[in-house]
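What follows is one structure encoded as structure tokens, with my remarks underneath.
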Ligand SMILES: NC(=O)c1ccc[n+]([C@@H]2O[C@H](COP(=O)([O-])OP(=O)(O)OC[C@H]3O[C@@H](n4cnc5c(N)ncnc54)[C@H](OP(=O)(O)O)[C@@H]3O)[C@@H](O)[C@H]2O)c1
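Residue numbers (our numbering): -1 to 284.
Here's what the structure looks like:
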């Protein structure tokens, strides 16, 4: 049995779809979800849906019963997730789960990204729990950038503060395929670490140039000071803490925090990762 936490999220749904595509029988897939009512589509495909709320340890223990391999998708509540992940690891230990794969962040051990600290703590907890584990150190999703394509086209410019920092993004679907490859592999090492990132990196200027080419509109990239970018994000309607987080991510990108040239992601999934051109084309198709 495979269990996928947060299986109603965007990454989790792609992981379940990729497992099914890999001929894993739906009866052997547990969608371990906070909100079973959001999982009707998965249940209709024969996937086993069980309630698994990171904040309710009892649900985790029941959800992981009989599970051999678990994908723990990192929680999105940054202030709580270290404890939430601990609850999942404790439930996995009690349920006798054999392997836990965890979606960490690129170069977690040395990353300057503000989110890296919580990932480092969960990586340490995994080692301490004595569970065989796979660290899927995911780089940035293309979708972090392509989600704002309609707004960028409407405003006529792309703004940011990443300067000419390179970003080795890949599509969520690429990371989902990597999780499935790592989870289904017959590999008994106690620890496997993958630095997962797109095959080729881009700068925000190159993103704007490709968007201009494909949309037929001239979209320049304008680099702002971090405080000005944060203010622009807040003015666009984002909560202040999100605007601050995103602006800091961009500053980290300027310092090289989102680049990686190791090509471990394409190696793991056995195909090239999604390109910038493909990601923008997908966003323009809507
Ligand atoms: N690499 C990147 O660029 C990047 C970007 C953003 C986030 N991330 C990380 O990657 C994770 C997955 O990304 P995503 O795109 O799939 O995010 P997403 O679409 O926002 O999904 C988040 C999932 O987490 C679930 N969740 C939240 N709190 C929970 C709890 N207490 N118990 C159980 N499940 C809970 C949500 O459940 P419901 O369906 O019930 O709401 C949802 O399914 C994120 O959570 C975050 O840690 C990575």
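We treat Cβ as the ideally placed atom computed from N, Cα and C, and that holds for glycine.
For residue 275, I'd like the list of residues in its chain whose CB is within less than 8 Å of its CB, leaving aside the five on either flank, ordered along the chain. Counting from one through the chain shown, the residue named residue 275 turns up at place 277. Only 208, 212 meet the Cβ criterion.
With DSSP collapsed to three states, give me the class of residue 20. Locating residue 20 in the chain shown gives position 22, where the first residue counts as 1. Looking at residue 20 - three-state DSSP - the assignment turns out to be coil, as it is neither helix nor strand.
In the DSSP assignment, the beta strand (DSSP E) including residue 136 goes from what residue to what residue? Here the question's residue 136 lines up with position 138 in the chain shown. Residue 136 -> beta strand (DSSP E) spans 130 to 136.
Assign residue 271 to buried or exposed, taking buried as 16 or more other Cβ atoms, counted over all protein chains shown, within 10 Å of its Cβ. Numbered from its first residue, the chain shown carries residue 271 at position 273. When all chains shown are included, residue 271 counts as buried.
Within the present structure, is the beta-carbon of residue 221 separated from the nearest heavy atom of ligand 1 by less than 7 Å? Here residue 221 is taken as the residue at index 223 of the chain shown, counted from 1. Every heavy atom of ligand 1 is 7 Å or more from the Cβ of residue 221, so no.
Three-state secondary structure (DSSP) at residue 155? As a working note, residue 155 is residue 157 in the chain shown. Residue 155 falls in the coil class under three-state DSSP.
Taking only runs that begin and end inside the segment 196 to 256, name each unbroken beta strand (DSSP E) of 3 or more residues, in chain order. 219 to 221
Sorry if obvious, but does the Cβ on residue 172 come closer than 7 Å to a heavy atom of ligand 1? What you label residue 172 is simply residue 174 of the chain shown in a count that begins at 1. Checking the Cβ of residue 172 against ligand 1 gives no.
Segments assigned beta strand (DSSP E), at least 3 residues, entirely inside the segment 13 to 90: 27 to 31, 46 to 49, 67 to 70
Rounded to the nearest angstrom, how far is the Cβ of residue 168 from that of residue 196, given a contact under 8 Å? Residue 168 sits at position 170 when you count from the first residue of the chain shown. Residue 196 sits at position 198 when you count from the first residue of the chain shown. Right, the Cβ-Cβ distance comes to about 4 Å (below 8 Å), so this counts as a contact.
From what residue to what residue does the alpha helix (DSSP H) around residue 271 run? Residue 271 sits at position 273 when you count from the first residue of the chain shown. Looking at the DSSP string, residue 271 is not in any alpha helix (DSSP H), and its letter there is neither H nor E.
Please confirm whether residue 165 and residue 230 have their CB atoms less than 8 Å apart. In the chain shown, residue 165 corresponds to position 167, counting from 1. In the chain shown, residue 230 corresponds to position 232, counting from 1. No, Cβ-Cβ distance for residue 165 and residue 230 is not below 8 Å.
According to DSSP, simplified to helix, strand and coil, what is residue 190? Sequence index remark: in the chain shown, residue 190 carries index 192 (1-based). DSSP places residue 190 in strand when its eight states are reduced to three.
Which of helix, strand or coil DSSP assigns to residue 110: For the purposes of this step, residue 110 is taken as residue 112 along the chain shown, with counting starting at 1. Of the three classes helix, strand and coil, the one that applies to residue 110 here is coil, per DSSP.
Under 8 Å: do the segment 187 to 201 and the segment 248 to 264 share three or more Cβ pairs, one atom per stretch? yes
Secondary structure at residue 95, three-state DSSP: helix, strand or coil? Working through the chain shown from its first residue, we reach residue 95 at position 97. In this structure, residue 95 counts as coil in the three-state DSSP scheme.
Starting from the C-beta of residue 36, find all residues in its chain whose C-beta is less than 8 Å away, skip the five residues before and the five after it, and write them out in chain order. Indexing the chain shown from 1 puts residue 36 at position 38. These residues qualify, in order along the chain: 6.
Under a three-way DSSP split, which group does residue 264 fall into? Numbered from its first residue, the chain shown carries residue 264 at position 266. Here residue 264 sits in helix by DSSP.
Residue 0: beta carbon under 7 Å from a heavy atom of ligand 1? Here the question's residue 0 lines up with position 2 in the chain shown. No, ligand 1 has no heavy atom inside 7 Å of this Cβ.
Quick check on the burial criterion: 16 or more other C-beta atoms within 10 angstroms. Buried or exposed for residue 145? Walking along the chain shown from the start, residue 145 turns up at place 147. Classification for residue 145: exposed.
So, under 8 Å CB-CB, residue 46 and residue 28 are touching, yes? Tell me the CB distance rounded to an integer number of Å. Here the question's residue 46 lines up with position 48 in the chain shown. Here the question's residue 28 lines up with position 30 in the chain shown. Indeed, because the Cβ distance is near 5 Å, the residues count as touching under 8 Å.
Grab me the residues of residue 253's own chain with a C-beta within less than 8 Å of its C-beta, minus the 5 sequence neighbours each way, in chain order. As a working note, residue 253 is residue 255 in the chain shown. Within the same chain, residue 253 has close Cβ partners 110, 163.
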